[in-house]
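J.: In the numbering used here, the protein residues as written are 3 to 53. All C-beta atoms in this analysis are idealised placements derived from N, C-alpha and C, irrespective of residue type, glycine included. Quantities reported herein were computed from a predicted structural model and do not represent experimental measurements.
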């Protein structure tokens, strides 16, 4: 069984929507994910308690 996330559900949903919206603006998936994480201020592992 997977460990429950400490990230709020709303934040996760928003991040997924944003990735889908800007996917074509970046050269690869890693760049897309990093850009969205930076915009949402979740670039550090501590933000959602994953570190």
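1. Mapping the DSSP letters down to three states, classify residue 45 as helix, strand or coil.
2. Please report the residue range of the alpha helix (DSSP H) in which residue 23 lies.
3. Which residues in the same chain as residue 33 place their Cβ atom closer than 7 Å to its Cβ, once the five residues preceding and following it in sequence are excluded?
4. What did DSSP end up calling residue 52 once you bin it into helix, strand or coil?
T.: Reading off the structure:
1. The answer is coil: DSSP assigns residue 45 none of H, G, I, E or B.
2. In the DSSP assignment, residue 23 falls within the alpha helix (DSSP H) that extends over 11-24.
3. Correct list: empty, nothing qualifies.
4. Note that residue 52 has pLDDT 48, beneath the 50 cutoff, so the model's placement of it is unreliable and no number is given.
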